[in-house]
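Each step along the sequence shown adds one to the number in our numbering, with nothing skipped, and position 253 is 253.
Backbone N, C-alpha and C fix where the C-beta goes; we use that ideal spot for every residue, glycine too.
Predicted model, so just to flag it, every value in this text is computed and none were measured.
Below is one structure, written out as structure tokens, with a few remarks after it.
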Amino acid sequence: MLPGSSRPAATHVAFRKPRLAAAGSFSSLSSLRLGVDSAYASSSDLASLVQSKSLVRPLGPPPRSHVQALPSELLLMIFDTLPVPALLKLRQVSHQVQEIANLLLRHRLSRTLADAQRALDALTETYEAERVAQQPLLAHFRQFLERANQTELTEATWFSAPPAELQTVCECLCILRGRRRASPTGATTAASTATATAAASEPGRTTMSWGFIRKTMARYDFRTWFSGLPTAVERIPLAHLKRVEQIIMHDGSITYERLREVSRAGYKLLITIAACLQYGMVHHQLKDRQQAIAKLSSQVTCTARFLTYVS
């Protein structure tokens with residue numbers, strides 16, 4: 001027992017020894033006591049060791065990163081196994097680590113940039129060839145859109161109880177314009193709402209009342225859109241085009257011969273709808289390729305800019 005203390009002297013000395021040992025610093029890679037022989041460790045093992053929490057001392061202030069104490073050749077072996085995002089983060093550790101990471105990034109990004117540039121050139125060439133080939137077809141469809149007349153709308157909406165084929169054609173026009181079906185009037189029950197929802201999702205089923213269709217087609221904005229179809233057709237969403245195509249494909253009564261029998265206006269409107277579908281599908285196909293080219297071109301530009309920075 002020490003004077004003025006109730007703790008045995010041996011216990012007090014044993015308590016202070018670990019603190020003195022922990023205050024020391026690591027002098028070499030072998031003194032880290034990581035449990036593996038560095039002479040026979042693989043590059044993947046070394047990478048895991050560098051990222052391991054064993055490199056951080058348990059006591060005292062945070063030490064300087066031990067990665068900086070490793071030879072550049074060893075760091076190069078370790079970093080070569082890491083992905084690009086990890087290399088980008090390691091560039092912030094020190095100047096030595098940044099130089100090694102930049103070396104690997106230049107090597108990897110140079111190959112990536114070359115491959116992306118070749119893909120961009122091939123995609124651009126394919127797009128230009130397809131665009132030139134589709135121009136006569138688009139011009140042919142546009143001729144039918146230029147013949148669209150508002151008189152056909154007036155004649156089609158003159159019916160108080162139109163044939164089913166004419167009502168379906170007019171509904172397709174409203175879908176292309178972007179008009180949704182009218183909400184049920186009067187007392188609405190859960191059963192009627194479920195029936196309307198099922199009808200809207202079933203292919204080939206009409207979901208708009210004739211009163212709603214007539215009111216929609218009589219609006220000034222609808223007639224203006226109809227007259228400007230040669231240019232407005234490019235703004236019709238692809239989902240609307242596919243919906244109309246689905247309705248016509250599942251309704252066997254929607255044919256040119258049948259519409260010519262029931263309504264001359266319906267026959268002309270069906271021709272206009274068919275021109276919208278064919279023009280719109282080709283336009284969206286070219287637009288998708290154009291967007292893919294723009295995205296790839298942006299990636300090539302950003303990669304080249306970063307490659308210039310790390311060089």
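Extent of the continuous alpha helix (DSSP H) to which residue i belongs
i, result
"Thr308", "Arg264 to Val310"
"Leu76", "Ser72 to Phe79"
"Val93", "No alpha helix (DSSP H) contains Val93, which DSSP labels as neither H nor E."
Burial state of residue i, where buried means 16 or more other Cβ atoms lie within 10 Å
i, result
"Ser110", "exposed"
"Pro136", "exposed"
"Ala156", "buried"
"His283", "buried"
"Pro62", "Only weak support exists for where Pro62 lies, its pLDDT of 41 falling under 50; the value from the coordinates is given anyway. Looking at its Cβ environment, which holds fewer than 16 other Cβ atoms inside 10 Å, Pro62 is exposed."
"Lys89", "exposed"
"Gln291", "exposed"
"Glu152", "buried"
"Ser311", "exposed"
"Gly266", "buried"
"Lys268", "buried"
"Leu87", "buried"
"Ala191", "Since pLDDT at Ala191 reaches only 35, below the 50 mark, its modelled position is unreliable, and the value read off the structure follows with that caveat. Exposed, since its Cβ has fewer than 16 Cβ neighbours within 10 Å."
"Met249", "exposed"
"Phe154", "Correcting the residue type first, residue 154 is Thr in the shown sequence and not Phe. By the neighbour-count rule (16 or more Cβ atoms within 10 Å), Thr154 is not buried but exposed."
"Gln167", "buried"
"Val339", "There is simply no residue 339 to check, as the chain begins at 1 and stops at 311 in what is shown."
"Thr308", "exposed"
"Glu125", "exposed"
"Glu73", "exposed"
"Cys302", "exposed"
"Ser263", "buried"
"Val97", "buried"
"Val233", "buried"
"Ala101", "buried"
Proximity winner among the options, relative to residue i (alpha-carbon distances)
i, options, result
"Ile293", "Arg118, Pro230, Ala86 and Thr216", "Arg118"
"Trp210", "Arg305, Glu99, Ala161 and Ile254", "Ala161"
"Phe141", "Gln299, Thr272, Ser297 and Leu296", "Thr272"
"Pro237", "Gly280, Gln134 and Cys302", "Gly280"
"Cys276", "Leu75, Gly252, Leu138 and Glu125", "Leu138"
"Gln143", "Leu113, Gln134, Leu270 and Leu229", "Leu229"
"Lys287", "Val300, Ile78 and Glu130", "Glu130"
"Cys172", "Asn149, Thr216, Asn102 and Gln134", "Thr216"
"Thr278", "Lys295, Ala116 and Leu176", "It is worth fixing the name first, because residue 278 is Gln in this sequence and not Thr. Checking every option, the nearest Cα to that of Gln278 belongs to Leu176."
"Lys295", "Phe222, Gln285, Glu257 and Ala116", "Ala116"
"Ile254", "Cys170, Val300, Gly178 and Glu99", "Cys170"
"Phe222", "Glu257, Asp251, Glu128 and Asn149", "Asn149"
"Arg147", "Ser298, Leu270 and Gln299", "Leu270"
"Glu165", "Ser298, Val300, Tyr256 and Arg305", "Tyr256"
"Gln299", "Arg258, Leu120, Pro85 and Arg214", "Leu120"
"Ile247", "Phe226, Trp225, Arg260 and Cys174", "Cys174"
"His95", "Leu75, Glu261, Tyr220 and Trp225", "Leu75"
"Met208", "Arg260, Ser297, Gly178 and Gln92", "Gly178"
Next on the checklist: Give the list of continuous alpha helix (DSSP H) stretches no shorter than 4 residues that lie fully inside the stretch 96–172.
Outcome noted: Runs found: 150–156.
Next on the checklist: For a minimum of 4 consecutive residues, which ranges assigned as the alpha helix (DSSP H) are wholly contained in the stretch 210–253?
Outcome noted: Those alpha helix (DSSP H) runs which fall completely within the stretch 210–253 and span 4+ residues are 210–217, 220–227, 229–232 and 238–250.
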